[in-house]
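Below: one structure, written as structure tokens.
Protein chains: 2
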Amino acid sequence: MKIVMLGFGAVGQGVARVFSTKRDKIKAKYGLNLNLVAVTDTSGAAVCQEGLDPDLLLETKIKKGKVSEYPEHGVPSVSGVDVMDDVDYDCLIEVTPTNIDDGEPAKTHILKAFNQKKDVVTSNKGPLALCFRELADSAESNGVQFKFEASVGGAMPILNFAHETLAGCDINSVLGILNGTTNYILSRMAKEGTSYEKILQESQELGIAETNPTQDVEGIDAACKVVILANSIMGMDVSYDDVEVRGISGITPESIALAKKDGYLIKLVGEISEDSLEVSPRLVCKGSPFAVDGTLNVATLKTDLADDVTVVGKGAGSVETASAILSDLISIWKSK
Amino acid sequence: MKIVMLGFGAVGQGVARVFSTKRDKIKAKYGLNLNLVAVTDTSGAAVCQEGLDPDLLLETKIKKGKVSEYPEHGVPSVSGVDVMDDVDYDCLIEVTPTNIDDGEPAKTHILKAFNQKKDVVTSNKGPLALCFRELADSAESNGVQFKFEASVGGAMPILNFAHETLAGCDINSVLGILNGTTNYILSRMAKEGTSYEKILQESQELGIAETNPTQDVEGIDAACKVVILANSIMGMDVSYDDVEVRGISGITPESIALAKKDGYLIKLVGEISEDSLEVSPRLVCKGSPFAVDGTLNVATLKTDLADDVTVVGKGAGSVETASAILSDLISIWKSK
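Here it is, written out as structure tokens:
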């Protein structure tokens, strides 16, 4: 499988790391040859039709900061779109930074790949939250596959779980803790009885919350995932603006203590059902699968036959997210 | 798909119920025609090459107690083995009662189906815990499929999850609460501070624990599931005798209270790793995915790339278990 990867940040580097450690095993187990023929970042690209070395890609990026410095095969200043025109490939991995305003450049990349009759795997929430149906329709009409497990909850593989493992069930609704940063903050507030502001600051110092934490704490990241789950699992046709969103910045230690006294915890929960599309702080029972601490993500699928089924996993992490991309690649390969 | 189902107890009747409610949807969604051509119980069989009516099967069983009383197509005193010789079928659903001594009659049924080049779906822990490798090898050498999601944790679909959804990951170990009855008893002991004996008695009155609770409370049921997970997910070749088993009958309210004081709960946990194959009461952290109450089952897969991934679901229930059988049938159908 000849692969073009656009984007070489945390997720892209995770993919390179995973390719480096697992390539031989995947070849032996599935007969799938993971061959990276081009990788881009903002500096340009590394392109080699015979295959790039993932370790050398990582070394180049770490030492020189640019994939276009890749020995012999570096191409400065070339764009992702140009690379897609110039190389022979089977599958696009789109891992450029998420842009929640217009989904670009990922949207253009993905649609171009479909028109070139190529399969696409992405972790990019932007285009999925803004124009899901357009992308899904284009994939279908071009007869190619579109997989995006990594876009929701990193290593909590909820999409393929719903589609494959629960194939016999109808999914009536989904409830989830879809953002690790807010779960971390709320867990620590509940344990320590400390204020939101103080825990947020410490989370920023630890690198768990970003310097500008708005996307996480105001529920925007979780709302994007709600949109992806609604469209992908529940067959809806909704976008980011359809989600009612309330974040966690108004939660006080007093409200958490009050909930705790009655056996409850406060979590930022996303809900997808016929009647509701929202992200908001909610009470969850101690002893329920939602009472998980730390940066974990969790999603419960309410089904017609199997009742509630829940998946818990790490919501983020470079290699963890890359593992979801690898599973998508294997799934595409197995279906050929 | 022409289906023979051997056994018409709780699980078999759940399958009939699921076929009745979902047959049209499954046909429309996957093109799969679920056609029950024969169903047996201890009384004999109902056989109709054009297809039995699941509702009439259930009605006959409930009113007359015997599927062999099925109007026009009832066949008294015929055995499962004879039925398999006499009818034209594609797939066997084996749901006779679990027998942990020699795995019969399920073992004979399953091996016969393989030799007839038929796929098999089962919920039957007996043969899987006693002679897994023999069965898996026979399926492979006959070029047929062997699926048994329903044998571990009913509606907690851990096997297909590990094989399909986490295709890119190596699974290094599995930890699980694999028995709902013991989880229910321990959860109530922790909440109420009451003795094991009292809660067990109440659980029996509620129908959650059986009159003879040995299989559950002594860890035998969980140990069977440990064997199935070890062989299926970890590629081991072990059987029931290889598992170290300790149940929950020795747990006191005092030990639970002591654990609670330090932020822990006591759960009956099955562990599968290279070094350990055991079922025993263990301390688990509050706030971890293992701190689930009631009859829920949970299993955590420790992976090389995605770190810990956990699935939580109902461990039992007639329709819930049947949903796992249905997912297996769809998976077989999709791979054709």
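So the sequence lines, in the order shown, correspond to chains A and B. Residue numbers for the first sequence follow numbering that gives the first Met the number 0, beginning at 0 and rising by one. Residue numbers for the second sequence follow numbering that gives the first Met the number 0, beginning at 0 and rising by one. C-beta atoms are modelled at their ideal positions from N, C-alpha and C, and glycine is treated no differently.
Rounded distance between the beta-carbons of threonine 164 of chain B and threonine 164 of chain A, thought under 8 Å: Counted from its first residue, the first sequence places residue 164 of chain A at position 165. Counted from its first residue, the second sequence places residue 164 of chain B at position 165. Contact holds; Cβ gap of about 6 Å.
Any contact between the segment 10–25 of chain B and the segment 188–195 of chain B? By contact I mean 3 or more CB pairs, one from each, below 8 Å. Contact between the segment 10–25 of chain B and the segment 188–195 of chain B is absent, with fewer than three C-beta pairs closer than 8 Å.
Fully enclosed by the segment 221–308 of chain A, which beta strand (DSSP E) runs are 3 residues long or longer? Within the segment 221–308 of chain A, the complete beta strand (DSSP E) segments at least 3 residues long are 263–271, 276–284 and 295–302, listed from N- to C-terminus.
Bridge-paired residues (DSSP) for glutamate 93 of chain A: In the first sequence, counting from the first residue as 1, residue 93 of chain A sits at position 94. DSSP, once it has assigned bridges, lists A:Leu5 and A:Thr121 as partnering glutamate 93 of chain A.
Return the residues of the segment 166–182 of chain A that lie within a Cβ-Cβ distance of less than 8 Å from chain B, sorted by chain order. So the list reads Ala166, Gly167, Cys168 and Asp169, given in the order they occur along the chain.
Could you list which residues in chain A have their beta carbon closer than 9 Å to that of lysine 259 of chain B, in chain order? Translated into the one-based positions of the second sequence, residue 259 of chain B becomes position 260. From the beta-carbon of lysine 259 of chain B, no residue of chain A is found nearer than 9 Å; the closest lies around 12 Å away.
Run of the beta strand (DSSP E) containing cysteine 35 of chain A, from where it starts to where it stops: In the first sequence, counting from the first residue as 1, residue 35 of chain A sits at position 36. Checking the sequence shown, residue 35 of chain A turns out to be leucine, not cysteine. In this chain, the beta strand (DSSP E) harbouring leucine 35 of chain A covers 34–40.
Could you list the residues in the segment 62–95 of chain A with a C-beta less than 9 Å from some C-beta on chain E, going in chain order? Note that chain E does not occur in the displayed structure, where the protein chains are A and B.
Looking at the C-beta of proline 53 of chain A, does it have a partner C-beta in chain B at a distance below 8 Å? Residue numbering aside, residue 53 of chain A sits at position 54 when the first sequence is read from its first letter. Proline 53 of chain A does not count as touching chain B.
CB contact flag (isoleucine 271 of chain B, serine 172 of chain B, <8 Å): If you number the second sequence from 1, residue 271 of chain B lands on position 272. If you number the second sequence from 1, residue 172 of chain B lands on position 173. Yes, Cβ-Cβ distance for isoleucine 271 of chain B and serine 172 of chain B is below 8 Å.
Which residues in the same chain have their Cβ closer than 7 Å to the Cβ of valine 237 of chain B, if we skip the five residues on either side of it in sequence? Locating residue 237 of chain B in the second sequence gives position 238, where the first residue counts as 1. These residues qualify, in order along the chain: Val226, Ala229, Asn230 and Leu276.
Below 8 Å, how does it come out for the segment 143–156 of chain A and the segment 314–329 of chain A: are there three or more Cβ pairs, yes or no? Segments in contact, yes.
Presumed contact (8 Å Cβ cut-off) between alanine 135 of chain A and valine 82 of chain A, rounded CB distance: Taking the first sequence and counting its residues from 1, the one referred to as residue 135 of chain A is at position 136. Taking the first sequence and counting its residues from 1, the one referred to as residue 82 of chain A is at position 83. At roughly 24 Å, the Cβ-Cβ gap does not stay under 8 Å, so alanine 135 of chain A and valine 82 of chain A are not in contact.
Is the Cβ-Cβ distance between glycine 286 of chain A and valine 297 of chain B less than 8 Å? Reading the first sequence from its first residue, position 287 is the one you call residue 286 of chain A. Reading the second sequence from its first residue, position 298 is the one you call residue 297 of chain B. Taking 8 Å as the Cβ cut-off, glycine 286 of chain A and valine 297 of chain B do not qualify as a contacting pair.
Taking only the alpha-carbon atoms, compute the straight-line gap between glutamate 68 of chain A and threonine 251 of chain A and give it to the nearest angstrom. Position 69 of the first sequence, counting from 1, holds the residue named residue 68 of chain A. Position 252 of the first sequence, counting from 1, holds the residue named residue 251 of chain A. Those two C-alpha atoms are separated by around 50 Å.
Starting from serine 194 of chain A, follow the alpha helix (DSSP H) in both directions and report where the run begins and ends. Stepping through the first sequence from its first residue, residue 194 of chain A is reached at position 195. Unbroken run through serine 194 of chain A: none, as it is neither H nor E.
Is the Cβ of alanine 154 of chain B closer than 8 Å to any Cβ of chain A? Against the second sequence, residue 154 of chain B aligns to sequence position 155. It does; some Cβ of chain A falls within 8 Å.
DSSP three-state label for glycine 152 of chain B, please. Locating residue 152 of chain B in the second sequence gives position 153, counting from the first residue. Look at glycine 152 of chain B here: in three-state DSSP terms it is coil, with no helix or strand label.
Using 8 Å as the threshold, is the C-beta distance between proline 126 of chain B and alanine 105 of chain B below it? If you number the second sequence from 1, residue 126 of chain B lands on position 127. If you number the second sequence from 1, residue 105 of chain B lands on position 106. In contact: proline 126 of chain B and alanine 105 of chain B (Cβ atoms closer than 8 Å).
Using a cut-off of 7 Å between C-beta atoms, extract the partners of threonine 164 of chain B located in chain A. Sequence index remark: in the second sequence, residue 164 of chain B carries index 165 (1-based). By Cβ distance, chain A contributes Pro156, Asn159, Phe160, Glu163, Thr164 and Ser326.
When the Cα of threonine 299 of chain B is compared with those of B:Lys124, B:Leu174 and B:Gly167, which residue comes out closest? Residue 299 of chain B sits at position 300 when you count from the first residue of the second sequence. Comparing Cα positions, the closest option is B:Leu174.
Residue environment, glycine 11 of chain B, which counts as buried when at least 16 other CB atoms sit within 10 Å: As a first step, residue 11 of chain B is located in the second sequence; it is residue number 12 there, counting from the start. Result: buried.
Should isoleucine 255 of chain B be flagged as near chain A, meaning a C-beta pair shorter than 8 Å? Position 256 of the second sequence, counting from 1, holds the residue named residue 255 of chain B. Output row for isoleucine 255 of chain B: interface = no.
Contact residues within the segment 302–316 of chain A, judged by C-beta distance below 9 Å to chain B: Of all residues in the segment 302–316 of chain A, Thr302, Asp303, Leu304, Ala305, Asp306, Asp307, Val308, Thr309, Val310, Val311, Gly312, Lys313 and Gly316 have a Cβ within less than 9 Å of some Cβ in chain B.
Strictly under 8 Å for the Cβ-Cβ distance: is alanine 229 of chain B near chain A by that measure? Along the second sequence, one-based indexing puts residue 229 of chain B at 230. With 8 Å as the cut-off, alanine 229 of chain B does not count as an interface residue toward chain A.
Measure the Cβ-Cβ separation of alanine 221 of chain A and valine 278 of chain A and say whether it is below 8 Å. Residue numbering aside, residue 221 of chain A sits at position 222 when the first sequence is read from its first letter. Residue numbering aside, residue 278 of chain A sits at position 279 when the first sequence is read from its first letter. Between alanine 221 of chain A and valine 278 of chain A, the gap from beta carbon to beta carbon is short of 8 Å.
Residues in its own chain within less than 7 Å of glycine 50 of chain B by CB, not counting five upstream and five downstream? Within the second sequence, residue 50 of chain B is the residue found at index 51, counting from 1. Result list for glycine 50 of chain B: Asn34, Leu35 and Val36, in chain order.
Less than 8 Å between CB atoms is the rule here; does aspartate 118 of chain A satisfy it with respect to chain B? Numbered from its first residue, the first sequence carries residue 118 of chain A at position 119. Not one beta carbon of chain B lies nearer than 8 Å to the beta carbon of aspartate 118 of chain A.
Using the beta-carbon count (16 or more within 10 Å), is isoleucine 232 of chain A buried or exposed? Taking the first residue of the first sequence as 1, we reach residue 232 of chain A at position 233. It is buried - the Cβ of isoleucine 232 of chain A has at least 16 other Cβ atoms within 10 Å.
Which same chain residues, not among the five before or five after asparagine 123 of chain B, have their C-beta less than 7 Å away from its C-beta? Reading the second sequence from its first residue, position 124 is the one you call residue 123 of chain B. Taken in chain order, the residues that qualify are Glu93, Val94, Thr95, Thr97, Ala105 and Ser150.
Proximal residues of chain B, C-beta to C-beta of valine 17 of chain A below 9 Å: For the purposes of this step, residue 17 of chain A is taken as the residue at position 18 of the first sequence. Those within 9 Å of valine 17 of chain A in chain B are Gly167 and Leu304.
Among residues of its own chain, excluding the 5 on either side of alanine 305 of chain B, which ones have a beta-carbon nearer than 7 Å to its beta-carbon? Locating residue 305 of chain B in the second sequence gives position 306, counting from the first residue. Cβ neighbours of alanine 305 of chain B beyond the five flanking positions: Leu165 and Cys168.
Apart from the five residues on each side of it in sequence, which residues of its chain come closer than 8 Å, Cβ to Cβ, to threonine 210 of chain A? Position 211 of the first sequence, counted from the first residue, corresponds to residue 210 of chain A. A distance below 8 Å between beta-carbons, with the five flanking residues on each side excluded, links threonine 210 of chain A to the following residues of its chain, in chain order: Gln203.
8 Å Cβ cutoff met for isoleucine 184 of chain B and isoleucine 198 of chain B: Numbered from its first residue, the second sequence carries residue 184 of chain B at position 185. Numbered from its first residue, the second sequence carries residue 198 of chain B at position 199. It is a contact, given that the beta carbons lie within the stated cut-off.
So proline 212 of chain A is in the beta strand (DSSP E); what residue range does that whole segment cover? Your numbering for residue 212 of chain A matches position 213 in the first sequence. Element bounds for proline 212 of chain A: n/a, residue is neither H nor E.
Count the other CB atoms, across all protein chains shown, that sit within 10 Å of the CB of lysine 116 of chain B; report buried if there are 16 or more and exposed otherwise. Taking the first residue of the second sequence as 1, we reach residue 116 of chain B at position 117. By the beta-carbon neighbour count (other beta carbons within 10 angstroms, threshold 16), lysine 116 of chain B is exposed.
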